[in-house]
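Below is one structure, written out as structure tokens, with a few remarks after it.
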Amino acid sequence: EAPAVAQDEKTNRGPMGDALMLKAATLGRTWWEVAGTWAQVGMAEYRLVFTRLAMGHPVLAVEHALNYLDLCQKNQAEPADLFYAHEAMARAQFAAGDPVMAQAHVDMARETLGRITDADSAKSAQETLTKLNDAVSAGR
6 EAPAVAQDEK TNRGPMGDAL MLKAATLGRT WWEVAGTWAQ VGMAEYRLVF TRLAMGHPVL
66 AVEHALNYLD LCQKNQAEPA DLFYAHEAMA RAQFAAGDPV MAQAHVDMAR ETLGRITDAD
126 SAKSAQETLT KLNDAVSAGR
């Protein structure tokens, strides 16, 4: 399990844990840009969304979600990548206090899910969409 993922799931990280989590996610993003593809950079942005949300920084999470969505749009991403970009946007917008934009991205994720052709990817995305829909609906 990646250090950033392990840290953002903890509830008692403290300042050192937050610093470690952010450093791991940021370094991952930096090095994927050097040595990876746009899709790997996009997934690093996705990871940073959740890192920033775990740290209580929803506005910064929105920035990373926008970066991921922009990468997907510029590179004609596969539907699965686009689905997760919309999921990230929905979660970040909801945390930032914009339930209308959050719901719009939930709806876009739902529409995109219908275009995922790989059965395993579609199943995983459906599970994610169910959790996302529950989270956004519960907060309204």
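Just so you know, the sequence shown maps onto residues 6 to 145 in my numbering.
The C-beta atom is built at its ideal place from N, Cα and C for all residues, glycine as well.
If you're wondering where the values come from, they're calculated on a predicted model, not measured in any experiment.
Assigned secondary structure, residue 62 (DSSP; H/G/I helix, E/B strand, else coil): coil
Own chain residues within Cβ distance below 7 Å of residue 98, not counting five before or after: 67, 106, 107, 110
Alpha helix (DSSP H) runs contained entirely in the region 81–136, provided each spans 4 or more residues: 84–100, 104–118
Which listed residue (50, 19, 88) has its alpha carbon closest to that of residue 61: The shortest Cα separation from residue 61 among 50, 19, 88 belongs to 19.
Spatial neighbours of residue 85 in its chain, beta-carbon cut-off 6 Å, leaving aside the 5 residues before and after: 121, 126
Inter-residue spacing [alpha-carbon to alpha-carbon] between residue 141 and residue 131: Computed Cα separation, rounded: 15 Å.
Straight-line Cα distance separating residue 81 from residue 69: Going by the C-alpha atoms only, they are around 18 Å apart.
Own chain residues within Cβ distance below 8 Å of residue 91, not counting five before or after: 74, 110, 111, 113, 114, 117
Burial state of residue 48, where buried means 16 or more other Cβ atoms lie within 10 Å: buried
Residue 33 - DSSP class collapsed to helix/strand/coil: helix
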